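Input: a single structure, listed below in structure tokens.
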Amino acid sequence: MKRQLDTIKRCRRAAELDDYDVQQQQIIYLTEQLQTQNRLLKRTGVPGMSGSNVSKSVTREYYGTLYHELDDASFSIFDIETNQDIPEAQDYLHESAQTWSLKVSCLNLRQLVSHCHAKDVPKEKLFQSMVTAAVFELVFETMFSDILALECPLLNAYRRIIHAKDGHEVLQQIDLTALEWIMSGDDFRENEIPQQSERLTKFIWQVLEFLHSGNLRETEDMLPQKFSGDKYLVAAISQAIDLKLKLMLSTTSVRYTFVKPGELFNPIYMCVLDGQFAGSAIRDNGLNKGLPVKLCLFPALYSRLIHDSGHTSTLHLSPGYEYVTEASSTDLAPLDLVFHAIVLLENRIAK
Numbered sequence: 005m006k007r008q009l010d011t012i013k014r015c016r017r018a019a020e021l022d023d024y025d026v027q028q029q030q031i032i033y034l035t036e037q038l039q040t041q042n043r044l045l046k047r048t049g050v051p052g053m054s055g056s057n058v059s060k061s062v063t064r065e066y067y068g069t070l071y072h073e074l075d076d077a078s079f080s081i082f083d084i085e086t087n088q089d090i091p092e093a094q095d096y097l098h099e100s101a102q103t104w105s106l107k108v109s110c111l112n113l114r115q116l117v118s119h120c121h122a123k124d125v126p127k128e129k130l131f132q133s134m135v136t137a138a139v140f141e142l143v144f145e146t147m148f149s150d151i152l153a154l155e156c157p158l159l160n161a162y163r164r165i166i167h168a169k170d171g172h173e174v175l176q177q178i179d180l181t182a183l184e185w186i187m188s189g190d191d192f193r194e195n196e197i198p199q200q201s202e203r204l205t206k207f208i209w210q211v212l213e214f215l216h217s218g219n220l221r222e223t224e225d226m227l228p229q230k231f232s233g234d235k236y237l238v239a240a241i242s243q244a245i246d247l248k249l250k251l252m253l254s255t256t257s258v259r260y261t262f263v264k265p266g267e268l269f270n271p272i273y274m275c276v277l278d279g280q281f282a283g284s285a286i287r288d289n290g291l292n293k294g295l296p297v298k299l300c301l302f303p304a305l306y307s308r309l310i311h312d313s314g315h316t317s318t319l320h321l322s323p324g325y326e327y328v329t330e331a332s333s334t335d336l337a338p339l340d341l342v343f344h345a346i347v348l349l350e351n352r353i354a355k
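Our numbering applies: residue 5 is where the sequence shown begins, and numbers increase by one.
What follows is the structure, given as structure tokens:
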């Protein structure tokens with residue numbers, strides 16, 4: 005581009021006077037493009053290598069707010085319900101409902117519904133648990149650039165070309181640089197994030213419609229307006245997207261795990277009695293008794309800096325964009341506990 009600009013400048017000096025205005029416009033245009041390119045190149049580098057850590061206290065605050073907003077959303081939806089009975093799961097329900105059921109309980113949806121019937125789990129709590137699983141899958145485990153690209157065929161084509169030509173790491177580097185760029189403006193936060201949140205809210209509500217309506221085959225047009233744009237759920241998903249983007253542009257990696265039904269949960273030490281969960285100081289001497297879990301409403305969260313403990317930057321530029329991922333108990337040993345799981349116990353909620 006600079007060579008093209010220099011050529012036009014040389015040609016202008018030898019050009020006829022009547023061509024001057026056209027060439028001048030070309031020079032102005034190319035100069036602006038070159039300045040923009042230089043700004044982008046200065047911002048480009050390995051994302052996260054100069055990024056700041058999202059502190060444990062900030063992460064805890066964000067997730068705490070997210071939990072309470074999901075709790076408010078569930079309460080607002082089911083506060084007007086006259087029928088509080090959990091309906092039986094049907095075979096033709098959306099497969100995402102099965103995925104979220106397995107995430108929170110390691111049970112398929114039919115088994116989870118039977119479990120909730122047997123343990124008298126309120127319908128709103130089952131809904132809250134499933135919505136939480138949906139948020140972690142659709143927001144935290146999904147690359148936001150992929151979501152945006154699906155809505156823009158041209159952007160999707162550009163990303164495919166970059167991936168084919170230069171590989172995944174270059175694509176991810178460009179993705180993160182672009183996200184950092186657009187997040188610096190107010191329009192993205194004020195318009196794009198709420199729009200994405202509303203779309204995800206509508207999808208989640210459709211998938212979990214069986215929990216609210218006795219008519220399992222309602223069409224999209226028949227969905228109540230209150231639920232297609234429920235302000236609490238939209239606010240919760242917006243909160244989750246904002247945190248996800250902060251984590252992507254930082255040096256922090258987060259792992260989460262749902263405590264499964266039937267596990268003996270110690271609310272003081274946030275672990276099961278066999279010591280599977282990391283971040284606890286429990287030493288089971290027979291005095292610490294756990295209570296069986298009915299249902300996990302919000303997962304336990306663990307984090308570490310990408311560069312800590314000898315880890316290299318390769319995780320930050322990983323094939324799965326692994327900033328927030330589900331983990332088994334054996335993966336949690338080197339991590340720091342950030343947010344205690346919130347579970348429904350046999351007699352009370354503990355956190």
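Glycine residues also receive a C-beta, built at the ideal position from the N, C-alpha and C atoms. Computed from a predicted structure; not experimentally measured.
CYS120 burial status per 10 Å Cβ neighbour count (16 or more: buried) | Residue 120 sits at position 116 when you count from the first residue of the sequence shown. Buried: at least 16 other Cβ atoms inside 10 Å.
Count the other CB atoms, across all protein chains shown, that sit within 10 Å of the CB of SER105; report buried if there are 16 or more and exposed otherwise.
-> Here residue 105 refers to the residue found at position 101 when the sequence shown is read from its first residue. SER105 should be labelled buried.
Alpha-carbon spacing of SER80 relative to ALA239, whole angstroms = The residue you call residue 80 lines up with position 76 of the sequence shown. The residue you call residue 239 lines up with position 235 of the sequence shown. Whole-angstrom Cα-Cα distance: 13 angstroms.
Could you tell me which residues DSSP puts in a beta bridge with LEU305?
-> Here residue 305 is taken as the residue at index 301 of the sequence shown, counted from 1. According to DSSP, LEU305 bridges with TYR260 and PHE343.
Between LEU301 and ILE346, is the Cβ-Cβ spacing less than 8 angstroms?
-> Position 297 of the sequence shown, counting from 1, holds the residue named residue 301. Position 342 of the sequence shown, counting from 1, holds the residue named residue 346. Closer than 8 angstroms, so yes.
Stretch-stretch touch, CB-based, cutoff 8 angstroms, three pairs: the region 103-117 with the region 132-146 | yes
Local Cβ density within 10 Å of LEU253, reported as buried at 16 or more and exposed below that = On the sequence shown, residue 253 is found 249 positions in, with the first residue counted as 1. By the 10 Å Cβ count, LEU253 comes out buried.
With C-beta atoms as the reference, is THR3 less than 8 angstroms away from GLU173?
-> Nothing about residue 3 can be read from this structure; the chain reaches only from 5 to 355.
Since CYS156 sits in a beta bridge, which residues does DSSP pair it with?
-> Within the sequence shown, residue 156 is the residue found at index 152, counting from 1. Beta-bridge pairing links CYS156 to no other residue.
Quick one: what's got a C-beta closer than 6 angstroms to SER78's C-beta in the same chain, skipping five residues either side?
-> On the sequence shown, residue 78 is found 74 positions in, with the first residue counted as 1. Correct list, in chain order: GLU128, PHE131 and GLN132.
Taking PHE262 as the reference, give the member of VAL125, ALA138 and LEU237 with the closest Cα.
-> The count along the sequence shown starts at 1 and reaches residue 262 at position 258. The shortest C-alpha separation from PHE262 is found at ALA138.
Check each candidate in ASP191, SER201, PHE207 and TYR236 and name the one with the smallest Cα separation from LYS248.
-> As a working mapping, residue 248 is identified with position 244 in the sequence shown. Looking at the Cα atoms, SER201 is the closest of the given residues.
Best match in LEU251, TYR306, VAL62 and LEU237 for proximity to GLN199 [C-alpha to C-alpha] = Stepping through the sequence shown from its first residue, residue 199 is reached at position 195. Taking only the C-alpha atoms, the option nearest GLN199 is LEU237.
To the nearest angstrom, report how far apart LEU341 and GLY68 are at their CA atoms.
-> The residue given as residue 341 occupies position 337 in the sequence shown. The residue given as residue 68 occupies position 64 in the sequence shown. So the alpha carbons of these two residues sit roughly 14 angstroms apart.
Any idea if ILE195 is buried or exposed, counting beta-carbon neighbours within 10 angstroms, 16 or more meaning buried?
-> Your numbering for residue 195 matches position 191 in the sequence shown. The question names Ile, but residue 195 is Asn in the sequence shown. By the 10 Å Cβ count, ASN195 comes out exposed.
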